[in-house]
Amino acid sequence: MPVTRREFLTLSGLAAASALLTACVPGRALPGAPPPPAGPWPAGPDATWPALSRLTFGPRLDERAHAAAIGQDAWIEEQLAPESLADAEAEWRVRHFDTPGMDTSILFDVREETVRRELQQVTLLRAVYSRRQLYEIIVDFWSDHFSISTHKGTCAWLKTIDDRAVIRPQALGSFRDLLWASMHSPAMLVFLDNQENYKDGSNENYARELLELHTLGVGAGYTQQDVQEVARCLTGWTVDRGLFRGQFQFDAGRHDAGAKRVLGQAIPAGGGAQDGERVHALVLAHPALPHFIARKLVQRLVADDPPAALVAAAAATFTRTQGDIKAVLRTILHGAAFATAPPKIKRPLHYVAGALRQLAAETDAAPALLTALAAMGQPLFQWPRPDGFPDTAAAWQANLFPRWQFALALATGALPGVTIDLRALLRVAGPAGAATMAAVLDHFSTRLLGRPLPRPAVEALLPHLGQDTDDTGLQAAVAVLLAGPAYQWR
Amino acid sequence: MLTTRRTLLQAAAQGLAAAAWPSWMPRLAFAPRHTAPRGDVLVCIFQRGAADALNVVVPHGEAAYYQLRPTLAIPRPDARGVAAGARAQDLDGFFGLHPALAPLLPAWQAGHLAAVHACGAPDESRSHFQAMELMERGVAEPAGPASGWIGRHLGALDTGNASPLRAIGLGEQVPRSLQGTVPAAALRSIADFHLGGDPRAVNALQGALTVLYQGGDPLAGPGQAALGVLDTLDRLDPTHYRPAAGAQYPDSDFGWGLRQVAMLIKADVGLEVACLDLGGWDTHITQGGSAGQMAGLLADLGAGVAALYADLALHLDRLLVVTLSEFGRRAQENGSLGTDHGHGSVMLLLGGGIAGGRVVGRWPGLAPDQLVGPGDLAVTTDYRDVLGEVVRQRLNNPRLDTVFPGYTPIFPGVTR
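Right under this line is the structure:
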């Protein structure tokens, strides 16, 4: 049931009022929340399943039906215009949390643990409930690219600002703007020690990662000297600790005013804040940048071992459009290599959000879900290093056990603050849904893996699952599908 | 043949052992394995973030050290007006341990602890990520095998040991060094490794997973390893583990990790390698000297390894602890009471098979013309020289060309 604008405004007004009362109560219900869309039961195999499985956190039935109706390319274009997709449900849920939208002037009055937790919770809620799935996938990508741990200094508060002011507004915009915003992000400057970088005591931490992780990549031809010169250019780029706490500040008194030389270009003395802005322009003009960014995007969206031709095409688009992220994504997602892409392992956020989406779970992103993500190796916004959570199968495949534990807990209703109704889901497919264990497996396999299990697989599983389709039988079947190898891939 | 989603799904679901290995997975060369009995249990501790070697094993006999570090230097063992517990703990008249590592002195005096100073990798990138990755892969250049050096060691050596606990990483993720053909388990805690709930659902799940992870999917190996670990650990009881008298593990993630390593070694469940991470060494600001940020990390390291040493007093002949860090830090302190990325590092080695009580390696000095790059301790011993000797002499693996491809280690003489 779509929520009208009026209903939405009413709901959000109520939510804002009630949020003050309930924000700290974990596991609370969300009275009046719109029910998850049921969606029509698919008549046959979905041609768009591979794309949807990659570009959403786990395709729901309504999304599959819609993509099948308008076609994959049109669906991708729709997703590339997230502002055209009304997203009342996700926004309604997010509004129950105070700190993500809280004015900076009062944000610092909230306890660190609360701010850290709420950013994780709204991130998970958007992954689960937002219709703007590709947007959230790309936000996730940039959150890793410009990774900031909320466990350093004041980063718990500052990352909330970085998320809403740097990553989310620019995620599908221009890389030029995104990098500019990140270079001026208090969270980034604190996380990488640039507030300690001044004329008589340089600290090259941010300067190095700006070149190595954010723009050019190690081995791009810059030198240790370049790192030190970039650090000099960025002296005095710091964070206001007074009245405008949490905001960027250029402290001219701490800036090294001398002449510098970066990537072979002279930067004359006396440039002030423009020295750092010159660095921004120089890295944007560097020939290594398009390939570095394109390769990372292709690795995330297409294959652990990115096809060179697609990387080259995406890099060419990056160069031609001066870093238009949507244009680069079009090159990648409409390319032949995407259509035949090998499976990518689901990172824990993808795995957890997907299971919740595909089983139409009702949750307010309870802390138990954040704990499960941490056990799987992805405590959100807490990767300690600036290189972001790893992206490839090799990094994740040996840690299957916490996924099995999550699968069992979710399916058996043992996760506090998460509700699923397996029997109600079965009814969507008609009265025959729960007649036999084989039918149950077919049903949930169609939901979770896009199609029924092959017959031999059903035959092999039945001796373990038995024929009893009581609640425990349904739960065991779903746990097995979630924990099995096939569901670890997207 | 490109594996499509469909064939992958089918192969995984059917558990077809004969399914083709997908062509997009890295292919691994199958060299015949060397057969030898199990050697020491390797406990590999990675100090992530680049530990400041000069404040771990302190060159207190070097005047330049005190000039370069007006606020961060560890006072000489005979410094006046400084509490004894804040001075370097003398080892040989020239080097001393950071006072927070004092719990390791008994092992030093027993000849079971050695240090290799000015040790490290040839990599000059001063990049944590590149240096850590190359060190964990055991290679000098980004080209070459993507697997880890320990992973290749395990893959090249057949010890007749099929235990799912042959190699473990204590933490959320398996470290790069363990990646290879032999699945390694990531383990936070023995007690965590448990499936709880309705027995009918648990039994159905465990039985079904045994079928599903039989083959065909690249996750089959890791899945079987996890099932094997589950089975093994069900039969251990971590809640009632009692360390040997005198062994007190610190109440930290690191301490708890070592405690469980000791338990697995004593239970003789086939453990050959355990990797632990100890992070937080990237001390660009307020590093501290005898006390402070880095001293706290060293206290955790020292107390943890000393407890393991005491706990395994009866098993020292098969214990081998090695510490690694991706590089050292700048000799001169920076303007933030910290140190920036440097070059030469220090390795600590502890065990019954270590020729200890010595600081090994040529000391390059800290004078301006002796420092390298932007002012860093030089590397005079490649870390692969040390690991190569350990792999050959203590782990019974002669395949050093597989473990460290393109490099011929020169043994510095750290083993008995």
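If you read the sequences in order, they're chains A and B.
The opening residue of the first sequence carries number 1 in this note's numbering; numbering runs sequentially from there.
The opening residue of the second sequence carries number 1001 in this note's numbering; numbering runs sequentially from there.
Ideal Cβ placement from N, Cα and C applies to all residues, glycine included.
Please read these numbers as outputs of a predicted model, since none were measured by experiment.
Item	Value
Using a Cβ-Cβ distance under 8 Å, would I1285 (chain B) count as near chain A?	yes
In this structure, does DSSP put L1350 (chain B) in helix, strand or coil?	strand
Which two residues bound the contiguous alpha helix (DSSP H) that contains V1043 (chain B)?	Not the alpha helix (DSSP H): V1043 (chain B) falls in the beta strand (DSSP E), residues 1041 to 1047.
So F250 (chain A) is in the beta strand (DSSP E); what residue range does that whole segment cover?	248 to 250
By the three-class DSSP mapping on this structure, what secondary structure does V1269 (chain B) have?	coil
Run down chain B in chain order and give the residues with a C-beta less than 9 Å from the C-beta of A309 (chain A).	Within chain B, no residue comes near A309 (chain A); the closest Cβ sits about 15 Å away, beyond 9 Å.
Report all residues from its chain with a CB closer than 6 Å to the CB of N1396 (chain B); omit the five preceding and five following residues, and keep chain order.	A1036, G1039
Strictly below 8 Å CB to CB, what residues from chain A border F1193 (chain B)?	F401
Return the chain-ordered list of same chain residues with a C-beta closer than 8 Å to the C-beta of T1071 (chain B), the five sequence neighbours on each side being excluded.	G1289, E1333, L1337
Using a Cβ-Cβ cutoff of 8 Å, what residues of the region 404 to 421 of chain A are near chain B? List them in chain order.	W404, Q405, A407, L408, A409, A411, T412, A414
Could you tell me which of A:F57, A:L61, A:W49 sits nearest to W41 (chain A), measuring between CA atoms?	A:L61
What does R159 (chain A) pair with, by DSSP beta-bridge criteria?	First, the amino acid is wrong: residue 159 (chain A) is Lys here, not Arg. Paired residues: none, contrary to the question.
Residues of the region 436 to 465 of chain A in Cβ contact with chain C at a cutoff of 7 Å, in chain order, please.	In the displayed structure, chain C is absent; the protein chains listed are A and B.
Of all the residues that make up the region 181 to 206 of chain A, which are near chain B by a beta-carbon distance shorter than 8 Å?	D193, E196, Y198, D200, G201, S202, N203, E204, N205
For P485 (chain A), would you say it is in contact with chain B, using Cβ-to-Cβ distances shorter than 8 Å as the test?	yes
Hey, is P1218 (chain B)'s beta-carbon within less than 8 Å of any beta-carbon in chain A?	yes
Would you call the CB atoms of L158 (chain A) and G246 (chain A) closer than 8 Å?	yes
List the DSSP bridge partners of W237 (chain A).	A:F250
At what residue ranges does the region 1220 to 1295 of chain B contain a whole run of the alpha helix (DSSP H), taking only runs of 4 or more?	1220 to 1233, 1253 to 1267
What three-state label does DSSP hand S174 (chain A) in the structure shown?	strand
Can you find a CB in chain B that lies within less than 8 Å of the CB of A42 (chain A)?	Here residue 42 (chain A) turns out to be Pro, not Ala, going by the sequence shown. P42 (chain A) does not count as touching chain B.
Run through DSSP, which three-state label would W1149 (chain B) get?	helix
Pair every Cβ in the region 164 to 178 of chain A with every Cβ in the region 198 to 208 of chain A, then say whether three or more of these pairs are closer than 8 Å.	no
Strictly below 8 Å CB to CB, what residues from chain A border D1300 (chain B)?	Chain A residues near D1300 (chain B): none, gap ~16 Å exceeds 8 Å.
Among B:L1271, B:A1220, B:V1386, B:G1373, which has the Cα closest to the Cα of A393 (chain A)?	B:A1220
Does S1325 (chain B) come within less than 8 Å of chain A when only Cβ atoms are used?	no
Does the structure place the region 1339 to 1347 of chain B close enough to the region 1378 to 1392 of chain B that three or more beta carbon pairs sit under 8 Å?	yes
Go ahead and label P379 (chain A) buried or exposed: buried means 16 or more other beta carbons lie within 10 angstroms of its beta carbon, across all protein chains shown.	buried
Counting only Cβ pairs nearer than 7 Å, list the residues of chain B close to D387 (chain A).	F1129
Report yes if the C-beta distance between D87 (chain A) and R64 (chain A) is below 8 Å; otherwise report no.	no
Using a cut-off of 8 Å between C-beta atoms, extract the partners of V1211 (chain B) located in chain A.	A460, L461, H464
So that I know if they touch, is there some Cβ in chain A lying closer than 8 Å to that of G1406 (chain B)?	no
Taking the CB atoms as reference points, tell me whether A1310 (chain B) and G1246 (chain B) lie closer together than 8 Å.	yes
Please report the residue range of the alpha helix (DSSP H) in which V1379 (chain B) lies.	Run containing V1379 (chain B): none; DSSP gives neither H nor E here.
Between the Cα of H151 (chain A) and those of A:L192, A:R132, A:T123, A:W180, spot the shortest distance and give me the residue it belongs to.	A:L192
Compute the distance between the beta-carbons of A1051 (chain B) and H1117 (chain B), then report whether it is under 8 Å.	no
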